[in-house]
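Numbering of the sequence shown is given in this note's numbering, commencing with residue 80 and proceeding in unit increments.
Every residue, glycine too, gets a C-beta built ideally from N, C-alpha and C.
Please read these numbers as outputs of a predicted model, since none were measured by experiment.
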Amino acid sequence: MRAVLSKAFSSTLNTPESIRPFSSVFKTSCQENLKGEVDVQILTLLQSTFPAVPITADIVEGSSPLTDNFKALVAKTTNLQKVPFVWHIMNSEDYEKQVKAKGDMKRFDFIHMIQMIYYVDNLANTIKFYHSLLKKNGRLMIIIEAGNAGWDTLWKTYKKELCVDAITEYRSSADVIACLKSQGLKYEEHAILNTFDITECFNPSSQTGERLLNFMTAKDHFYQSFTPEIRAGMLDLLRNKCSTEKDGRVMFNSNLSCILVHA
Numbered sequence: 080m081r082a083v084l085s086k087a088f089s090s091t092l093n094t095p096e097s098i099r100p101f102s103s104v105f106k107t108s109c110q111e112n113l114k115g116e117v118d119v120q121i122l123t124l125l126q127s128t129f130p131a132v133p134i135t136a137d138i139v140e141g142s143s144p145l146t147d148n149f150k151a152l153v154a155k156t157t158n159l160q161k162v163p164f165v166w167h168i169m170n171s172e173d174y175e176k177q178v179k180a181k182g183d184m185k186r187f188d189f190i191h192m193i194q195m196i197y198y199v200d201n202l203a204n205t206i207k208f209y210h211s212l213l214k215k216n217g218r219l220m221i222i223i224e225a226g227n228a229g230w231d232t233l234w235k236t237y238k239k240e241l242c243v244d245a246i247t248e249y250r251s252s253a254d255v256i257a258c259l260k261s262q263g264l265k266y267e268e269h270a271i272l273n274t275f276d277i278t279e280c281f282n283p284s285s286q287t288g289e290r291l292l293n294f295m296t297a298k299d300h301f302y303q304s305f306t307p308e309i310r311a312g313m314l315d316l317l318r319n320k321c322s323t324e325k326d327g328r329v330m331f332n333s334n335l336s337c338i339l340v341h342a
């Protein structure tokens, strides 16, 4: 991942005016990034890669509590004290409306969307809008679950049962790439291999297993949320289609895809 980001930053800054300020916008709406840890890591990597380049950061986040978490982390991170932050507490669609209403299209060198594409109303319009905000040589980075990996298989097989709350349409890297191709955008895809142990999910008396199942189905109570037939089908799918077995453990395929879209 560090190598991918370093390559993206190098491509963006490999210009005659490479010491100009580097502006970035961070979309942080995802449970995996509740306190902005990933954003801070990216900013820190950018600083270490190009220590002479001034950085500014715009944050778009629809949740005030999550924004407060991120601000608290920034306040504790010494190397970010001199980075100017602009906080936009609104969802992606409202940010787009605000930008278009003002008519002042602020441009960015780097925009990232980590695990947030599921929450936008219109995938094609969202990608088109943020791509339009890139400066010359800029990059839009989208990190999302890989197509045909465990999450994709589970959520698309049981779309009717799972896509009913915050996520109404599950999307994987395959959907994003199809959208990029339809818009004629240049991109490169990098695999992020990942697995985690879900063996406890198959023990009905395991609290750890139930918490994992709650997390994977975005439900508060897995066993109360589905009929016995649906539960059995999900568990069978998780074991036989979404995972591999290693040393007696069931390892869920949680591969991600990092997609870098060129300006």
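Query raised in the report: Under the rule that 16 or more other beta-carbon atoms within 10 Å means buried, what is Glu308, buried or exposed?
Result: Locating residue 308 in the sequence shown gives position 229, where the first residue counts as 1. Glu308 comes out exposed.
Query raised in the report: Does the segment 295–314 come close enough to the segment 191–202 to have 3 or more Cβ pairs within less than 8 Å?
Result: The answer is no - the segment 191–202 does not touch the segment 295–314, with fewer than three Cβ pairs under 8 Å.
Query raised in the report: Where DSSP assigns a beta bridge to Met295, which residues make up the other side?
Result: Mapped onto the sequence shown, residue 295 falls at position 216. None, per the DSSP bridge assignment.
Report task. Just confirm the distance between the C-beta atoms of Ser261 and Ile338, as a whole number of angstroms; I'd bet it's less than 8 Å. Result -> For the purposes of this step, residue 261 is identified with residue 182 of the sequence shown, where counting begins at 1. For the purposes of this step, residue 338 is identified with residue 259 of the sequence shown, where counting begins at 1. Contact doesn't hold; Cβ gap of about 14 Å is too wide.
Report task. Give a yes or no on whether the C-beta atoms belonging to Leu202 and His210 are separated by under 8 Å. Result -> Position 123 of the sequence shown, counted from the first residue, corresponds to residue 202. Position 131 of the sequence shown, counted from the first residue, corresponds to residue 210. Their beta carbons are not under 8 Å apart, which means Leu202 does not touch His210 by this criterion.
Query raised in the report: Looking at the structure shown, is Arg290 part of a helix, part of a strand, or coil, going by DSSP?
Result: Mapped onto the sequence shown, residue 290 falls at position 211. Looking at Arg290 - three-state DSSP - the assignment turns out to be helix.
Report task. Quick one: residues in its chain with C-beta nearer than 8 Å to the C-beta of Leu259, no 5 flanking neighbours on either side, listed in chain order? Result -> Counted from its first residue, the sequence shown places residue 259 at position 180. Cβ-Cβ distances below 8 Å link Leu259 to Ile206, Tyr266, Ile338, Val340 in the same chain, with the five nearest sequence neighbours on each side left out; the list follows chain order.
Query raised in the report: For Ile338, which of helix, strand or coil comes out of DSSP?
Result: To locate residue 338, count along the sequence shown from 1; it is residue 259. Taken through DSSP and simplified to helix, strand or coil, Ile338 comes out as strand.
Query - Cβ neighbours of Ile271 in the same chain (closer than 6 Å, five flanking residues each side left out) - result: As a position in the sequence shown, residue 271 is number 192, starting the count at 1. If the five residues before and after Ile271 are omitted, its C-beta is found closer than 6 Å to the C-beta atoms of Leu335, Cys337, all from its own chain and listed in chain order.
Query raised in the report: Between Asp299 and Asp276, what straight-line distance do the alpha-carbon atoms span, to the nearest angstrom?
Result: Here residue 299 refers to the residue found at position 220 of the sequence shown. Here residue 276 refers to the residue found at position 197 of the sequence shown. Rounded to the nearest angstrom, the gap between the Cα atoms of Asp299 and Asp276 is 20 Å.
Query raised in the report: Are there three or more Cβ pairs, one per stretch, closer than 8 Å when the segment 176–190 is compared with the segment 149–157?
Result: Output reads no: the segment 149–157 does not touch the segment 176–190.
Query raised in the report: Taking C-alpha atoms, which residue in Leu159, Ala131, Pro130, Gly312 lies nearest to Gly115?
Result: Position 36 of the sequence shown, counted from the first residue, corresponds to residue 115. Selected option, being the one with the closest Cα: Leu159.
Report task. May I ask you to list the residues that DSSP assigns as paired with Glu224? Result -> The residue you call residue 224 lines up with position 145 of the sequence shown. As computed with DSSP, Glu224 is found in a beta bridge with Leu335.
Report task. Could you say which of Leu212, Asn273, Ile256, Ser143 lies nearest to Ser333 if we only look at CA atoms? Result -> What you label residue 333 is simply residue 254 of the sequence shown in a count that begins at 1. Ranking Leu212, Asn273, Ile256, Ser143 by CA distance to the CA of Ser333 puts Asn273 first.
Query - Exposed unless 16 or more other CB atoms sit within 10 angstroms - verdict on Gln110 - result: Locating residue 110 in the sequence shown gives position 31, counting from the first residue. Only weak support is given to the placement of Gln110: the predicted model assigns it a pLDDT of 43, under 50, and the value that follows is read from those uncertain coordinates. Exposed.
Requested in this report: Please list the segments of the alpha helix (DSSP H) lying wholly inside the segment 198–253, counting only runs of 4 or more residues, in order along the chain.
Outcome: For the segment 198–253, whole alpha helix (DSSP H) runs of length 4 or above, ordered along the chain, are 202–211, 229–236, 238–241.
Report task. Within its chain, find whatever has a CB closer than 6 Å to the CB of Ser233; leave out the 5 residues flanking it on each side and keep chain order. Result -> Taking the first residue of the sequence shown as 1, we reach residue 233 at position 154. With the sequence shown as reference, residue 233 is identified as Leu, and Ser is not the correct amino acid for it. Cβ within range, chain order: Cys321.
Query raised in the report: With C-beta atoms as the reference, is Val119 less than 8 Å away from Val153?
Result: Residue numbering aside, residue 119 sits at position 40 when the sequence shown is read from its first letter. Residue numbering aside, residue 153 sits at position 74 when the sequence shown is read from its first letter. For Val119 and Val153, yes; Cβs fall inside 8 Å.
Query raised in the report: Under a Cβ-count criterion, where at least 16 other Cβ atoms within 10 Å of its own Cβ denotes burial, should Asp254 be classed as buried or exposed?
Result: As a first step, residue 254 must be located in the sequence shown, where it is residue number 175. Classification for Asp254: buried.
Requested in this report: Would you check if the distance between the CB atom of Tyr237 and the CB atom of Met313 is smaller than 8 Å?
Outcome: By 1-based counting over the sequence shown, the position of residue 237 is 158. By 1-based counting over the sequence shown, the position of residue 313 is 234. The criterion of a C-beta distance shorter than 8 Å is satisfied by Tyr237 and Met313.
**Report entry** Buried or exposed (CB count within 10 angstroms, at least 16 for buried), Thr296
**Finding:** Against the sequence shown, residue 296 aligns to sequence position 217. Counting the other Cβ atoms within 10 Å of the Cβ of Thr296 gives 16 or more, which makes it buried.
**Report entry** Start and end residues, alpha helix (DSSP H) containing Ser171
**Finding:** By one-based count along the sequence shown, residue 171 stands at place 92. Counted as a single uninterrupted DSSP element, the alpha helix (DSSP H) harbouring Ser171 occupies residues 171–181.
Requested in this report: For the beta strand (DSSP E) containing Asp188, list its first residue and its last residue.
Outcome: Here the question's residue 188 lines up with position 109 in the sequence shown. Asp188 -> beta strand (DSSP E) spans 187–193.
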